[in-house]
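For the record, the sequence lines run as chains A and B.
Position 95 of the first sequence, counting from 1, maps to 95 under the working numbering, and the rest follow consecutively.
Count along the second sequence from 1, add 1000, and you get the number used in the working numbering.
Don't be surprised by glycine CBs; every beta carbon is placed ideally from N, CA and C.
Since this is a predicted model, take the numbers as computed values, not measurements.
Working notes, beginning with the structure itself.
Number of protein chains: 2
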Amino acid sequence: SRQIVVIGLGRFGTRAAMTLYQLGHDVMAIDLDDRKVQALTGVVTHAVKADATDEVTLKELGVDNFQYAIVAIGRNTEASIMVTVLLRDLEIPVIVSRAQSELHGETLKRIGASKTVFPEKDGGASLAHDLFLPGVEQYLELTSSFGISRVQVPIKYVGHSLKDSGFSNARDKYGVVILAIQRRDDVILNPDEDEKFINDDILLIAGTDDRVVRVIGTQS
Amino acid sequence: SRQIVVIGLGRFGTRAAMTLYQLGHDVMAIDLDDRKVQALTGVVTHAVKADATDEVTLKELGVDNFQYAIVAIGRNTEASIMVTVLLRDLEIPVIVSRAQSELHGETLKRIGASKTVFPEKDGGASLAHDLFLPGVEQYLELTSSFGISRVQVPIKYVGHSLKDSGFSNARDKYGVVILAIQRRDDVILNPDEDEKFINDDILLIAGTDDRVVRVIGTQS
Ligand SMILES: Nc1ncnc2c1ncn2[C@@H]1O[C@H](COP(=O)(O)OP(=O)(O)OP(=O)(O)O)[C@@H](O)[C@H]1O
Ligand SMILES: Nc1ncnc2c1ncn2[C@@H]1O[C@H](COP(=O)(O)OP(=O)(O)OP(=O)(O)O)[C@@H](O)[C@H]1O
Chain A
1 SRQIVVIGLG
11 RFGTRAAMTL
21 YQLGHDVMAI
31 DLDDRKVQAL
41 TGVVTHAVKA
51 DATDEVTLKE
61 LGVDNFQYAI
71 VAIGRNTEAS
81 IMVTVLLRDL
91 EIPVIVSRAQ
101 SELHGETLKR
111 IGASKTVFPE
121 KDGGASLAHD
131 LFLPGVEQYL
141 ELTSSFGISR
151 VQVPIKYVGH
161 SLKDSGFSNA
171 RDKYGVVILA
181 IQRRDDVILN
191 PDEDEKFIND
201 DILLIAGTDD
211 RVVRVIGTQS
Chain B
1001 SRQIVVIGLG
1011 RFGTRAAMTL
1021 YQLGHDVMAI
1031 DLDDRKVQAL
1041 TGVVTHAVKA
1051 DATDEVTLKE
1061 LGVDNFQYAI
1071 VAIGRNTEAS
1081 IMVTVLLRDL
1091 EIPVIVSRAQ
1101 SELHGETLKR
1111 IGASKTVFPE
1121 KDGGASLAHD
1131 LFLPGVEQYL
1141 ELTSSFGISR
1151 VQVPIKYVGH
1161 SLKDSGFSNA
1171 RDKYGVVILA
1181 IQRRDDVILN
1191 PDEDEKFIND
1201 DILLIAGTDD
1211 RVVRVIGTQS
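And the structure:
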């Protein structure tokens, strides 16, 4: 388990801090706003009200001992840049900074961010892919038209085997392939042709958007 | 190809509109801000400067003819609610509205949003999963500890077959399985054990976080 400091507890920073903690890591969460600090008190390892643009404060909090830092400050691009510079000065090895624009992102990288993230932009792209795949719970893009969709099993297949449902095991890179079946807490990778679908199965399907739609698009 | 109206051209709405257009759909993009409308002119089917809280304007634009609408207005929760209500009145079948909080999301659903999205929150969760998988370009969560990671092929495997690199074809749901290899514009699904890795291959690996880390964590 690692130690991460998350600075800026908006929705992005809060969710990152909570998820990291749930994944078993130690998380220090910092924000100027007392209510946000209170919301995470007892929810992550340590929540602190502080101004992250103050170098003395960062040192007093022992931030220089962390290997990982996330600068999740959003709107205040100046503050996010300053905090990133300070973290670089403290020689934090991995600094991930949230960017509000391409220019802001480029600036952050130049002054020391190891990586920049664009949650709003990524969210827009994900939604565009998910929108027309009814029942698609998630989409992982591989190429601009080929991806992996996580979908609820169409009712028409329940009780039938993969083979009878039309899914062969051929390594056909132009067809649709069921890479895995998620069944309650289990994940069945590369399921056998004779595996029968059960109600509530979640399928991981690899294929082009139009083919996946054809598989699941006529459900319900 | 479908017809979608996207209202609100912040980073989220702009990326959703552009991606939908690139996926081959017809997209009408609406915003109050002329610069944002200009930025999308010629980039999507039709970009219009308008106040989406005005019902007469929506009708004049023919928004009632669309089957899909995305309300991508961010900060102004009141406007996003009003626009969602109006779209519902116009009987748009599928309305996806961006939410700023759980309460805002619940409100949107009650007044007619078919689906709500939380890009900042989702971005925080994604980052938390990607952070410690170096070289992981993307992560699709299946269960809280098991997912599909999209990673650059570790240098040590280049030139070796899957089998020689330690990846067997067994349907072992507790082991790591290489579900696909992305090679330039091609995707090789369920690669054969004798397939050799090439420089720049991108691997789709299914497994628990700790096992995936063990596979790729000692690269470079
Ligand atoms: N100097 C600072 N030190 C500590 N925290 C800061 C500092 N500046 C801003 N913050 C905090 O960063 C948090 C997130 O920033 P902001 O509210 O601008 O982003 P946001 O874009 O609304 O966030 P999100 O989209 O993630 O909800 C705020 O809670 C704010 O108090
Ligand atoms: N009534 C309205 N009609 C049309 N557009 C609107 C209306 N109200 C707000 N908008 C537009 O919605 C867009 C996005 O809203 P806003 O800037 O509040 O979101 P944001 O959270 O900063 O966006 P993002 O995070 O996606 O960059 C803005 O470009 C704004 O002009």
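- Here VAL117 of chain A is buried, its C-beta having at least 16 other C-beta atoms within 10 Å.
- The DSSP assignment places 1046 to 1049 and 1068 to 1071 as complete runs of the beta strand (DSSP E) inside the segment 1035 to 1072 of chain B, in order along the chain (cut-off: 3 residues).
- Ranked by Cα distance from LEU1040 of chain B, the first of B:LEU1090, B:LEU1009 and B:LEU1086 is B:LEU1009.
- In the DSSP annotation of this structure, the continuous segment of the alpha helix (DSSP H) that includes GLY105 of chain A starts and ends at 102 to 110.
- A distance below 8 angstroms separates the beta carbons of LEU1189 of chain B and ALA206 of chain A.
- Only those residues of the segment 112 to 127 of chain A whose C-beta falls short of 8 angstroms from the nearest C-beta of chain B are listed: VAL117, PHE118, PRO119, GLU120, LYS121, ASP122, GLY123, GLY124, ALA125, SER126 and LEU127.
- With a cut-off of 7 angstroms, the C-beta of ILE1030 of chain B is classified as near ligand 2, since at least one heavy atom of the ligand falls inside that distance.
- Positions of the beta strand (DSSP E) runs, each at least 3 residues long and wholly inside the segment 114 to 183 of chain A, are given as 115 to 117, 136 to 141, 146 to 152 and 177 to 183 in order along the chain.
- Judged by beta-carbon spacing, LEU1032 of chain B lies beyond the 8 angstroms limit of GLU1055 of chain B, meaning their Cβ atoms are not closer than that value.
- Taking each of A:GLY62, A:VAL37, A:GLN38 and A:ALA50 in turn and checking the Cα distance to GLN3 of chain A, the smallest one comes out for A:GLY62.
- Shortest gap from the CB of ILE73 of chain A to any heavy atom of ligand 1: under 7 angstroms.
- Beta-bridge partners assigned by DSSP to ALA1029 of chain B: B:VAL1006 and B:ALA1047.
- Taken from the Cβ of ARG1098 of chain B, every heavy atom of ligand 1 lies 7 angstroms or farther away.
- Going by beta carbons, ARG211 of chain A and VAL176 of chain A fall inside the 8 angstroms limit.
- For the pair of segments examined, the segment 1100 to 1114 of chain B was found not to touch the segment 112 to 132 of chain A: the number of CB pairs separated by less than 8 angstroms stays below three.
- The beta carbons of THR53 of chain A and ALA79 of chain A sit closer together than 8 angstroms.
- In this chain, LEU23 of chain A is not harboured by any beta strand (DSSP E), its DSSP state being neither H nor E.
- Distance from the CA of ASP200 of chain A to the CA of GLN182 of chain A, rounded to the nearest whole angstrom, comes to 9 angstroms.
- Counting only residues of its own chain and dropping the five nearest sequence neighbours on each side, PRO93 of chain A has a CB closer than 7 angstroms to the CB of GLN67.
- Under the Cβ distance rule, ARG11 of chain A counts among the residues neighbouring chain B, one pair being separated by less than 8 angstroms.
- Put simply, the backbone Cα of ASN1076 of chain B is about 20 angstroms away from that of SER101 of chain A.
- Across the segment 26 to 39 of chain A, no CB contact with chain B closer than 9 angstroms is found for any residue.
- Under the three-state reduction of DSSP, LEU87 of chain A is assigned to helix.
- Within the segment 1057 to 1068 of chain B, those residues whose Cβ lies closer than 9 angstroms to any Cβ of chain A are, in chain order, TYR1068.
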